[in-house]
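Peer 1: Per numbering that gives the first Met the number 0, residue 0 is the first one in the sequence shown, and the count goes up by one each step.
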Amino acid sequence: MMTNRNEQHRIAIIGAGPGGLTLARILQEHGVKTVVYEREASPISRQQGGSLDIHPESGQRALREAGLLEQFQALARYEGEDFRLLDKTGKVYLDEVADSKDGNRPEIDRGTLRGLLLNAIDPTCIHWGYNLNEAIPKDNGQHELHFDNGHVDIVDLVVAADGAFSRIRTLLTDVVPTYTGLSMVELYVNNVAVEHPEIAAFNRRGKLFALSDHKGILGQLNGDGRLCVYAAFRVEQDWVETSGIPFDQPEEAKYQLLKLFGDWDESLTTYISSATGPIVPRRIYMLPVGLTWTHKPGVTLIGDAAHLMSPFAGEGVNLAMLDAAELALSIVAHQDLSAAVQAYEEKMYPYTAESAKMSDDNLALCFGEDAAPKLMELMNQYHDQ
Ligand SMILES: Cc1cc2nc3c(=O)[nH]c(=O)nc-3n(C[C@H](O)[C@H](O)[C@H](O)COP(=O)(O)OP(=O)(O)OC[C@H]3O[C@@H](n4cnc5c(N)ncnc54)[C@H](O)[C@@H]3O)c2cc1C
C-alpha cells in the first residue's frame, strides 16, 4: 500500500473551535497526526453558549467524514427547528412547527458539539493554554510558531482555525474584518420552561425573531434549558461605549435596554426583563464577501479566519466544519502538501462567497424597512423552491 507522504509532515492547527477540531478528527481518521494549539486554558474555561443548526450539505457532511454523524444525530434536537417571526406589535408573520424526527437542520448546543469532537480526538494532540503570538515564515515553506508561554514549534503546515481575529491571516492578506453596523447584546433567561413557562410556550422549541425599526429581539432555546436572547441594534461601531448602558450592571443595563424597546409588545420585552446573569454586548464584524488570497506554501485559513460573516445565514459553524473536511480530504488525496492546500483553497472560495453574500443580504433585510413582512416573503420563496 502506498503511504501518504503527508503522514510524515508536521501539521499544526491553531484554534480548537468547531473548524480546528473537525480538521484534527478527520485527519486522525486517515492516520495523519496533527497538533492543535488552543489559547483557552481548558475545555471548560469558557462558557460556550448558543445553539447551532447543522446543515446536511456542510456541517453534517463533515461529521459523516469524521465518523461522528450517528453520535451527532443522537444528541441533536430536531424540534429546535421551530421558527416564529413577528414584528414589534406581536403580529405573527411565520409560525413554523418542526417535525420532531425528520427535519434536516437539527440544533445542537455549541458546548455539546465541542464535547462530541473532543471525545473523538486523541487528547495528547491538543495543547490547552497555548496562545499563538506570531507565525514566522521560513525560506523552505515551513513556519516557526511562537506562543505567549515561550513555546516555539516549527511546522510544515500551519492551519489558522483561530476565528474572527486570526493572528495568521496577515501572512496571506492585508484585509481586516470591518464592523457590519450591527451590535447584538446577549442575555439569558435561565431554566425558561420552569421559571417562565409563558415565555417558553410563546417562543416554542426553537428560534423567534421579532424585527421592526432597524432593531430586533431574537430568542433561541438551548438544549440546557436556557433561552439565549439577543437584543440587536443598527448602531455606530462605538455604541457599546457611547450608549451609556452599563453592561457590567445587569439590572440597570436591562432597564436602559428596555427603554430602547419602549413601544414594543410586552410579549417580546419580557425576553429582556426576565433575563438573569451577565449581559454581553457583541459587535458583529465581517470580511469582504468573496475574499481570496495568493496561495503560499505552508499556511492556510479555515472557518471564520478565512471568511468571517454575520450570523444571519446560520452558516458560520457549518462552513468552518465543511472547510475542515475539504482540507483534510485534500491532504489525504494529494502527495504534495502545498498542492493539497491550494486545491482546498480553490474549492472553498466559491461556496463560502455564496454564503457570505447571503449573510450580508439577510442582515440588510432583517434590519431594514418592513423587515418582518420582507423576511416572511423571502422564507416563503425558499420553502417553495
Ligand atoms: C452572536 C453570534 C451568533 C452566532 N450564531 C451562529 C449560528 O446560529 N449558526 C452558525 O453556524 N454560526 C453562528 N455564529 C458564527 C459561528 O460562531 C462561527 O462562524 C464559528 O464559531 C466559526 O468557527 P471557527 O472554528 O472558525 O472559529 P471559532 O469558533 O471562533 O474558534 C476559534 C478558536 O481559536 C482560538 N484562538 C483564537 N486565537 C487564538 C490564538 N492566538 N492562539 C490559540 N488559539 C486561538 C479561540 O479561543 C477559539 O477556540 C454566530 C456568531 C456570533 C458572534
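The C-beta atom is built at its ideal place from N, Cα and C for all residues, glycine as well.
Span of the alpha helix (DSSP H) holding Y348?
Peer 2: Residue mapping note: residue 348 aligns to position 349 of the sequence shown, counting from 1. It spans L336 to C365 - the alpha helix (DSSP H) in which Y348 sits, taken as one unbroken run.
Peer 1: Which one of Y36, G302 and L26 has the shortest CA to CA distance from G18?
Peer 2: Your numbering for residue 18 matches position 19 in the sequence shown. Nearest C-alpha to G18: G302.
Peer 1: Under 8 angstroms, with one C-beta from each stretch per pair, do the stretch 198-215 and the stretch 326-337 reach the 3-pair mark?
Peer 2: no
Peer 1: The alpha helix (DSSP H) that contains H306, what's its start and end?
Peer 2: Here residue 306 refers to the residue found at position 307 of the sequence shown. It spans D303 to H306 - the alpha helix (DSSP H) in which H306 sits, taken as one unbroken run.
Peer 1: Is S41 buried or exposed, if buried means 16 or more other CB atoms sit within 10 Å of its CB?
Peer 2: Residue 41 sits at position 42 when you count from the first residue of the sequence shown. Classification for S41: exposed.
Peer 1: Output the distance between the C-alpha atoms of M0 and E28, rounded to the nearest integer angstrom.
Peer 2: Residue numbering aside, residue 0 sits at position 1 when the sequence shown is read from its first letter. Residue numbering aside, residue 28 sits at position 29 when the sequence shown is read from its first letter. For M0, the predicted model reports a pLDDT of 44, less than 50, meaning its position is unreliable and no value from the coordinates is stated.
Peer 1: Taking the Cβ atom as the reference point for each residue, do S273 and V184 lie within a distance shorter than 8 angstroms?
Peer 2: If you number the sequence shown from 1, residue 273 lands on position 274. If you number the sequence shown from 1, residue 184 lands on position 185. No; because the gap between Cβ atoms is not below 8 angstroms, this pair is not in contact.
Peer 1: Would the beta-carbon of I271 fall within 8 angstroms of that of V228?
Peer 2: Residue 271 sits at position 272 when you count from the first residue of the sequence shown. Residue 228 sits at position 229 when you count from the first residue of the sequence shown. Taking 8 angstroms as the Cβ cut-off, I271 and V228 qualify as a contacting pair.
Peer 1: Along the chain, where does the alpha helix (DSSP H) that runs through D108 open and close?
Peer 2: By one-based count along the sequence shown, residue 108 stands at place 109. D108 -> not in any alpha helix (DSSP H); beta strand (DSSP E) instead, spanning E106 to D108.
Peer 1: Between which two residues does the beta strand (DSSP E) harbouring H392 extend?
Peer 2: Because the chain here runs from 0 to 384, residue 392 falls outside it and cannot be looked at.
Peer 1: Taking the CB atoms as reference points, tell me whether M357 and Y92 lie closer together than 8 angstroms.
Peer 2: Sequence index remark: in the sequence shown, residue 357 carries index 358 (1-based). Sequence index remark: in the sequence shown, residue 92 carries index 93 (1-based). For M357 and Y92, no; Cβs fall outside 8 angstroms.
Peer 1: Out of D152, H333 and V288, which one is the CA nearest neighbour of T177?
Peer 2: Numbered from 1 along the sequence shown, position 178 holds the residue referred to as residue 177. Cα-wise, what sits closest to T177 is V288.
Peer 1: Helix, strand or coil: how does DSSP classify W263 here?
Peer 2: Within the sequence shown, the letter at position 264 stands for residue 263. Coil at W263, not helix or strand.
Peer 1: Taking the Cβ atom as the reference point for each residue, do D155 and G30 lie within a distance shorter than 8 angstroms?
Peer 2: As a working note, residue 155 is residue 156 in the sequence shown. As a working note, residue 30 is residue 31 in the sequence shown. Contact annotation: D155 and G30 have beta-carbon atoms that are not nearer than 8 angstroms.
Peer 1: Hey, is I135 close to ligand 1, as in C-beta under 7 angstroms from one of its heavy atoms?
Peer 2: Taking the first residue of the sequence shown as position 1, residue 135 is located at position 136. No, Cβ of I135 sits at least 7 angstroms from all heavy atoms of ligand 1.
Peer 1: Does DSSP classify L93 as helix, strand or coil?
Peer 2: The residue labelled residue 93 in the question sits at position 94 within the sequence shown. It is a strand residue.
Peer 1: Which residues in the same chain have their Cβ closer than 7 angstroms to the Cβ of D269, if we skip the five residues on either side of it in sequence?
Peer 2: The count along the sequence shown starts at 1 and reaches residue 269 at position 270. Position check: residue 269 holds Thr in this sequence, whereas Asp was assumed. Within the same chain, T269 has close Cβ partners I198.
Peer 1: Identify whether R9 lies in helix, strand or coil by the three-state DSSP scheme.
Peer 2: Taking the sequence shown and counting its residues from 1, one reaches residue 9 at position 10. DSSP places R9 in coil when its eight states are reduced to three.
Peer 1: Among A11, L336 and L286, whose alpha-carbon lies nearest the alpha-carbon of Y348?
Peer 2: Here residue 348 refers to the residue found at position 349 when the sequence shown is read from its first residue. Y348 has its Cα closest to that of L286, out of A11, L336 and L286.
Peer 1: Cβ of F164 within 8 angstroms of Cβ of Y36?
Peer 2: Taking the sequence shown and counting its residues from 1, one reaches residue 164 at position 165. Taking the sequence shown and counting its residues from 1, one reaches residue 36 at position 37. No, these two residues do not count as a Cβ contact at 8 angstroms.
Peer 1: From the DSSP output, in three-state form, read off Q248 for me.
Peer 2: The residue you call residue 248 lines up with position 249 of the sequence shown. In this structure, Q248 counts as coil in the three-state DSSP scheme.
Peer 1: Given a cut-off of 8 angstroms, decide if T21 and A324 are closer than it, judged by their beta-carbon atoms.
Peer 2: For the purposes of this step, residue 324 is taken as the residue at position 325 of the sequence shown. For the purposes of this step, residue 21 is taken as the residue at position 22 of the sequence shown. In contact: A324 and T21 (Cβ atoms closer than 8 angstroms).
Peer 1: What does the Cβ neighbour count give for D129, buried or exposed, with the cut at 16 atoms within 10 Å?
Peer 2: As a position in the sequence shown, residue 129 is number 130, starting the count at 1. Correcting the residue type first, residue 129 is Tyr in the shown sequence and not Asp. Residue burial is scored here from C-beta neighbours: Y129 has at least 16 other C-beta atoms within 10 angstroms and is therefore classed as buried.
Peer 1: May I ask you to report which of helix, strand or coil DSSP gives F164?
Peer 2: Locating residue 164 in the sequence shown gives position 165, counting from the first residue. If DSSP states are grouped into helix, strand and coil, F164 belongs with coil.
Peer 1: What first and last residue would you give for the alpha helix (DSSP H) that runs through V316?
Peer 2: By one-based count along the sequence shown, residue 316 stands at place 317. Counting along the chain, the alpha helix (DSSP H) containing V316 begins and ends at G315 to A332.
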